[in-house]
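Q: One point on numbering: in the working numbering, the residue at position 8 of the sequence shown is -12, and numbering is uninterrupted. Virtual Cβ for every residue (Gly too), placed ideally from N, Cα, C.
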Amino acid sequence: MTVHLHHGDLPAGLNLGPVVAIDTETLGLKPQRDRLCLIQLSAGDGDAHLVKFANRDDYAAPNLKALLADPKVTKLFHYARFDVAVLKAYLGVDVAPLWCTKIASKLARTYTDRHGLKDLVRELLGVDLSKASQSSDWAATTLSKDQLDYAASDVLHLHKLKATLEMMLAREGRMHLAEAAFKFLPTRAALDLLGWGEDDIFAH
Ligand code: MN
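Laid out in structure tokens, this is it:
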């Protein structure tokens, strides 16, 4: 595994293939308050590319934005709802098309209520993921080796999870439901940013 750290944007001409695994690290869980600090990307080849944003004036990132909006590249997340809202709030980009391993897990793995990334990676891939650096200062001027390795580990397993979950969704005849939910994600993220975060607009 190689972790490539970039500052402010991806290098020009970097091709991460047709499906890119993505995660973000922020200063907290409220997109309007807690800024985007880091975005992690992987082609599924065991390497990770990390882009660090120095401050609130550092979100130009033209190469990254082009990739996030590229209709030919599927953006693969675990809990895309949060990352898509953060990326819209800070980069102003509508990320699409989308695939989310958490939604896929909820539709396929009805035998459990454990849909965290750590749970999925352990059960489906037999890998134990450390979450030790999850809550740390992602805005620090210099990120520690532990932080970089943790951040990278959040995108290194998503392609394999997707393959297993696709098999399970097909087996249960629910792929069309997953695809419809993925298409709704940008709207769900927009509702979150507008203040409907806790409300289920489908509820009675
Ligand atoms: Mn993460």
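Would Leu97 and Leu47 be called neighbours here (beta carbons separated by less than 8 Å)?
A: No, they are not a contact pair.
Q: For the structure I just gave you, are there three or more beta carbon pairs, one from the region 40 to 59 and one from the region -4 to 13, closer than 8 Å?
A: Yes: at least three Cβ pairs fall under 8 Å.
Q: When the Cβ atoms of the region 33 to 52 are set against those of the region 68 to 85, are three or more pairs found closer than 8 Å?
A: Counting Cβ pairs under 8 Å, three or more are found: they touch.
Q: Just the Cα atoms here: how many angstroms apart are Leu105 and Asp25?
A: Rounded to whole angstroms, Leu105 to Asp25 spans 16 Å at the Cα level.
Q: When you compare the region 132 to 147 with the region 18 to 38, are there three or more beta-carbon pairs, one atom per stretch, that lie closer than 8 Å?
A: Because the criterion of three Cβ pairs below 8 Å is met, the region 132 to 147 and the region 18 to 38 touch.
Q: Applying the criterion that 16 or more other CB atoms from any shown protein chain within 10 Å of the CB defines a buried residue, is Arg15 buried or exposed?
A: The residue is buried, with at least 16 neighbouring Cβ atoms inside 10 Å.
Q: Please list the terminal residues of the continuous beta strand (DSSP E) segment that includes Lys32.
A: Note, Lys32: beta strand (DSSP E), 28 to 32.
Q: Going by the C-beta, is Asp117 closer than 7 Å to any heavy atom of the ligand ZN?
A: Here the bound small molecules are the ligand MN; the ligand ZN is not part of this structure.
Q: Alpha carbon to alpha carbon, what distance is there between Met148 and Phe33?
A: Straight-line Cα distance between these residues: approximately 37 Å.
Q: Identify the residues that DSSP records as bridge partners of Ile83: which are they?
A: Per DSSP, none; premise fails for Ile83.
Q: Using the beta-carbon count (16 or more within 10 Å), is Ala91 buried or exposed?
A: Looking at the sequence provided, one finds Tyr at residue 91 rather than Ala. With fewer than 16 other Cβ atoms within 10 Å, it is exposed.
Q: Please find out if some non-hydrogen atom of the ligand MN comes closer than 7 Å to the beta-carbon of Ala65.
A: No.
Q: Any idea if Ile181 is buried or exposed, counting beta-carbon neighbours within 10 angstroms, 16 or more meaning buried?
A: It counts as exposed.
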